[in-house]
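See structure below.
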Amino acid sequence: MDDQEWTCVYEFQDGSPTRPPVSPRCSLRLTHYIEEANVGRGYIKELCFSPDGRLICSPYGYGVRLLSFDENCMELSDCLPVQTSCLREVRSIYSHSDVVLTTKFSPTHCQLASGCLSGRVALYQPRF
């Protein structure tokens with residue numbers, strides 16, 4: 001287990017005590033997960049959500065992976081599972097010559113950027 005990397009999505013759950021707490025309390029519940037490529041160890045990889053909240057873009061080795069919460073690419077609030085479930089891979093794109101560390105969706109256009117360890121930035125216009 002020590003050599004594995006995972007992308008995990010958690011839901012914040014309100015503690016809802018019967019009397020007001022001294023400090024707010026929330027608990028986390030794992031809702032979705034997927035195993036990641038075990039490359040680029042020692043670096044924090046920055047994933048991102050699409051502007052509509054339906055997709056996650058995750059650095060994956062020398063490329064990126066588009067992930068969804070279910071087979072219909074629904075928003076998390078519309079498909080929150082009772083039990084923990086696996087994220088679904090929608091598409092993979094491999095275009096870097098080094099380990100991808102960061103991804104970012106454009107807030108206004110159907111564009112995605114990724115950056116790798118060597119400093120190269122790639123722009124994509126994903127089509128589904």
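Just so we're aligned, residue 1 is where the sequence shown starts under this note's numbering, counting upward by one.
Positions of the beta carbon are idealized from the N, C-alpha and C atoms, including for glycine.
Cα-Cα separation between residue i and residue j, rounded to whole angstroms
i	j	result
M1	T7	Confidence at M1 is low in this model, with a pLDDT of 49, below 50, so its placement is unreliable and the value that follows should be read with caution. If you take the alpha carbons of M1 and T7, they lie about 14 Å apart.
D98	L117	6 Å
L66	Q125	12 Å
L112	E46	13 Å
T108	M74	19 Å
Y43	V121	17 Å
C110	G119	23 Å
DSSP bridge partner residues for residue i (one or two, in chain order)
i	result
L30	Y10
I56	F49, L67
A37	DSSP lists no partner for A37.
Residue i vs residue j beta-carbon contact at 8 Å
i	j	result
C57	F69	no
L76	G40	no
S106	P59	no
Neighbourhood of residue i by C-beta, 7 Å cutoff - its chain only, sequence neighbours within 5 removed
i	result
G63	S92, I93, Y94, S95, H96, V100
Q4	E35, N38
Own chain residues within Cβ distance below 6 Å of residue i, not counting five before or after
i	result
T84	L30
S50	F105
V90	L66, S68
T102	E46, G115
G61	A37, V39
Expected contact under 8 Å - CB spacing of residue i and residue j to nearest Å
i	j	result
Y33	L87	7 Å
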